[in-house]
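Numbering (the working numbering) for the sequence shown: -12 to 331.
By construction, the Cβ of each residue, glycine as well, lies at the ideal position given by its N, Cα and C atoms.
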Amino acid sequence: MRAKEELFCLGIEATADDFSVGVVSSGGEVLANVIDAYLSPDGGIHPREAARHHAEVASSVLAQALELSGLRARDIDVIAFSQGPGMGPCLRTGATVARALASFLRKPLVGVNHCVAHVEIGRLTCHLDDPLTLYVSGGNTLVTAYEAGRYRVFGETLDIPIGNCLDAFAREAGLRPRPGKPLGAIVEELAREGRELVPLPYVVKGMDLSFSGLLTAATRLLRSGRYRLEDLCFSLQEVAFSMLAEVTERALAHTEKGELLLTGGVAANKRLRSMLAEVAREHGAKFAVVPKEFALDNGAMIAWTGLLAYRAGVETPLGESYVRPRWRIDEVPIPWRERDRTES
Ligand code: AMP
Ligand code: MG
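Written out as structure tokens, the structure reads:
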């Protein structure tokens, strides 16, 4: 028998290519985390096609997650969903499923910020208290840490996200993703065979990053036919990851956080991991990488963050449950960390 005061939250993630449903308990136990990824033939994401995929798989992913959790639908106390940021058609599909479930089951609804969820599931699964986080994915590139009631942005991309940069370059090179082998992982494999560092633009402006000039330059060199693809992949990674490491290092020095957390799909990259481990080591900070299942877009992180928010008094009435494709992490109040605020 589970303790009566224990709460269960079901979370729905649908910001981009993945549709996922997770179930977690208020004790921090992940009871289910089912992810169904939409794989387009060329590795790009067409929002309406991804949304159609989500609508098609929603009921079976939901059923699988409930089955795995060992709970009945009426045992769920809270329904959470990714309200933004992300692609409009994808977000709307997830939000519709969440609203229908919450109304049908007469349970409270909580809209969760996807970026906040990446940080919170990282804190939970890596046993961290107050990390500086580098979140790198297909849709986001962000250096963030908690300060005075919010997750503040210490650095971010000014144009395209790092994952998008790697993927676009790979597509330009004629590479195609395979199940379990995203384009970024194929670039990483090729980069390991790189021998020559080809000069590419390194663009850090203040604490922000720009990857679009880097992508254009790398693509131009690729088309010139004068360089080995392996050398270009290697150089692209070295330059892009050094930019990320520089901004992360400065944020770590400024905030003096004792923990550094790496998350998002690009966190799977071993070269990026080793560069950031070095940054953490030099600053005496503990370094952690979120386990892959929870670093990718996943429903468990939405469920966990929904629970934290719900316990702190946050609810999203149906009338305010519209999606927020451009919802920034630093716009979100974080009442469940108020204690940290008064202590710091
Ligand atoms: P997400 O947006 O969090 O679902 O992550 C997807 C992004 O992670 C895509 O841009 C992938 O190409 C990228 N990715 C996945 N594995 C790797 C890897 N080993 N190295 C670099 N990027 C990767
Ligand atoms: Mg994804």
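Heavy atom of the ligand AMP within 7 Å of residue i beta-carbon
i, result
"residue 124", "yes"
"residue 20", "no"
"residue 100", "no"
"residue 28", "no"
"residue 3", "yes"
"residue -2", "no"
"residue 81", "no"
"residue 150", "yes"
"residue 174", "yes"
8 Å Cβ cutoff met for residue i and residue j
i, j, result
"residue 113", "residue 177", "no"
"residue 62", "residue -4", "no"
"residue 77", "residue 1", "yes"
"residue 11", "residue 294", "yes"
"residue 20", "residue 252", "no"
"residue 238", "residue 98", "no"
"residue 130", "residue 150", "no"
"residue 7", "residue 23", "yes"
"residue 188", "residue 201", "yes"
"residue 303", "residue 263", "no"
"residue 292", "residue 103", "yes"
"residue 277", "residue 108", "yes"
"residue 72", "residue 297", "no"
"residue 111", "residue 15", "yes"
"residue 132", "residue 120", "yes"
"residue 217", "residue 180", "yes"
Any non-hydrogen atom of the ligand MG within 7 Å of residue i CB
i, result
"residue 283", "yes"
"residue 155", "no"
"residue 171", "no"
"residue 252", "yes"
For residue i, three-class secondary structure by DSSP
i, result
"residue 103", "helix"
"residue 257", "helix"
"residue 321", "coil"
"residue 156", "helix"
"residue 333", "Because the chain in this structure spans residues -12 to 331, residue 333 falls outside the shown range and cannot be described."
"residue 151", "helix"
"residue 332", "Any property of residue 332 remains undetermined from this structure, which presents the chain solely from -12 to 331."
"residue 67", "strand"
"residue 326", "helix"
"residue -12", "Low local confidence applies: a pLDDT of 49 at residue -12 is under 50, so the model's placement there is unreliable, with the coordinate-based value given in what follows. Coil at residue -12, not helix or strand."
"residue 312", "coil"
"residue 210", "helix"
"residue 25", "coil"
"residue 17", "strand"
"residue 108", "helix"
"residue 94", "coil"
"residue 248", "strand"
Burial state of residue i (16 or more Cβ within 10 Å)
i, result
"residue 184", "exposed"
"residue 309", "exposed"
"residue 244", "buried"
"residue 118", "buried"
"residue 40", "buried"
"residue 226", "buried"
"residue 91", "exposed"
"residue 3", "buried"
"residue 331", "Note on residue 331: pLDDT 45, under 50, position unreliable in the model; the coordinate value appears next. Exposed, since its Cβ has fewer than 16 Cβ neighbours within 10 Å."
"residue 333", "Residue 333 lies beyond the range of the chain shown here (-12 to 331); nothing can be said about it."
"residue 116", "exposed"
"residue 169", "buried"
"residue 145", "exposed"
"residue -7", "exposed"
"residue 101", "buried"
"residue 27", "exposed"
"residue 222", "buried"
"residue 311", "buried"
"residue 318", "exposed"
"residue 89", "buried"
"residue 305", "exposed"
Residue i: CB within 7 Å of a non-hydrogen atom of the ligand FMN
i, result
"residue 256", "The ligand FMN is not part of the structure shown, which contains the ligand AMP and the ligand MG as its ligands."
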